[in-house]
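Each residue of the sequence shown is one higher than the one before, starting from 19 at the first, in the working numbering. Note that the Cβ used here is the ideal one computed from N, Cα and C, for glycine as well. Have a look at the structure below, then the notes.
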Amino acid sequence: MPRDNMASLIQRIARQARLTFRGSGGGRGASDRSAASGPEAQMPPGFADKLNELKRLLTQVRAEDLNIAPRKAPLQPLPPSLPPVTYMHIYETDGFSLGVFLLKSGTSIPLHDHPGMHGMLKVLYGTLRISCMDKLEADGAHRPRGPPPEQQFEPPLPARERAALRPGVLRSRAEYTEASGPCVLTPQRDNLHQIDAVDGPAAFLDILAPPYDPDDGRDCHYYRVLEPVRPPRKEAASCELPREVWLLETPQSDDFWCEGEPYPGPKVSA
Ligand SMILES: [Fe+2]
Numbered sequence: 019m020p021r022d023n024m025a026s027l028i029q030r031i032a033r034q035a036r037l038t039f040r041g042s043g044g045g046r047g048a049s050d051r052s053a054a055s056g057p058e059a060q061m062p063p064g065f066a067d068k069l070n071e072l073k074r075l076l077t078q079v080r081a082e083d084l085n086i087a088p089r090k091a092p093l094q095p096l097p098p099s100l101p102p103v104t105y106m107h108i109y110e111t112d113g114f115s116l117g118v119f120l121l122k123s124g125t126s127i128p129l130h131d132h133p134g135m136h137g138m139l140k141v142l143y144g145t146l147r148i149s150c151m152d153k154l155e156a157d158g159a160h161r162p163r164g165p166p167p168e169q170q171f172e173p174p175l176p177a178r179e180r181a182a183l184r185p186g187v188l189r190s191r192a193e194y195t196e197a198s199g200p201c202v203l204t205p206q207r208d209n210l211h212q213i214d215a216v217d218g219p220a221a222f223l224d225i226l227a228p229p230y231d232p233d234d235g236r237d238c239h240y241y242r243v244l245e246p247v248r249p250p251r252k253e254a255a256s257c258e259l260p261r262e263v264w265l266l267e268t269p270q271s272d273d274f275w276c277e278g279e280p281y282p283g284p285k286v287s288a
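Laid out in structure tokens, this is it:
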């Protein structure tokens, strides 16, 4: 039997992630393109094929492949001292990180970014609602239409927040289950997301390439979406996506934090 078929699925995923993201760059100002978002002139040769193979492997993975038992919603409310989200570290190199985020019932990972990074999320159990956004350049053609920001919000924003507002675009909002393929982000496309557990606990396998590294320009920033006050005639269209939004960088919310827990699955060495 070929060596690859004897390896665990998570081992094959890690190996494919290493192949896919080797030489794909990173760091401040990293620039590349995914297979889904356009030209690959700045990507290493064969990147699209490798990424597609990684997507194929991720689509197959289930919670049992990682020895993770799907968790049930508790009958009683959880004590507020427990973390809403936990993380199982599986493997990390300079090129990528691999782990599992587990969200308790009714919790969210707030809107955050992945500067200069690729990301792939594959649901292992439960249902996640993932909202994907991007920041837009705050000049010229990308500036959203409409009145200036100080006139759009009720109550009006303090001057400090007004100055920090960034135009953005809410591109998509969709629900993912274990039957779904991976949700993919790139440095240029769907780089911000919010992840909500829907109707109970949920977990997803997460690949980030390269990993967060504040010393290399890849720190995690959190954002809040501000919805402008719209004239009544516009309300019907406000649910249509993509649509322009305003993004305000915020500190990490007091009610969101993440703690580690042991990974029970097959060992990985990429
Ligand atoms: Fe993320």
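- In this structure, N209 sits away from H130, with a CB-CB distance that is not shorter than 7 angstroms.
- Your pair P228 and G113 checks out as a contact, with CB atoms roughly 6 angstroms apart and the cut at 8 angstroms.
- Of the residues assessed, Q170 falls on the buried side of the cut-off, its CB having 16 or more other CB atoms within 10 angstroms.
- The shortest C-alpha to C-alpha distance from G278 to any of E71, V103 and D272 is the one to V103.
- DSSP places L203 outside any alpha helix (DSSP H); the residue lies instead in the beta strand (DSSP E), whose first and last residues are C201 to L203.
- Counting of Cβ neighbours within 10 angstroms places D217 among the exposed residues, the total staying below 16.
- For the 7 angstroms CB-CB criterion, K122 and P219 form a contact.
- The beta carbon of H239 lies closer than 8 angstroms to those of H130, D131, P133 and E267 in the same chain, with the five residues before and after it left out.
- Within its own chain, the residues whose Cβ lies closer than 8 angstroms to the Cβ of F39, once the five positions on either side in sequence are excluded, are G113, F114, H136, A227 and P228, listed in chain order.
- Going by DSSP, K140 is part of the beta strand (DSSP E) stretching over H136 to K153.
- Comparing alpha-carbon positions, the option among P97, E110 and R30 lying closest to K68 turns out to be R30.
- In this structure, Y109 keeps its C-beta atom at 7 angstroms or more from the C-beta atom of L146.
- By alpha-carbon distance to L175, the top candidate from L76, V247, Y281 and T125 is V247.
- With respect to the 7 angstroms criterion, L142 and D224 are not classified as neighbours on the basis of their beta carbons.
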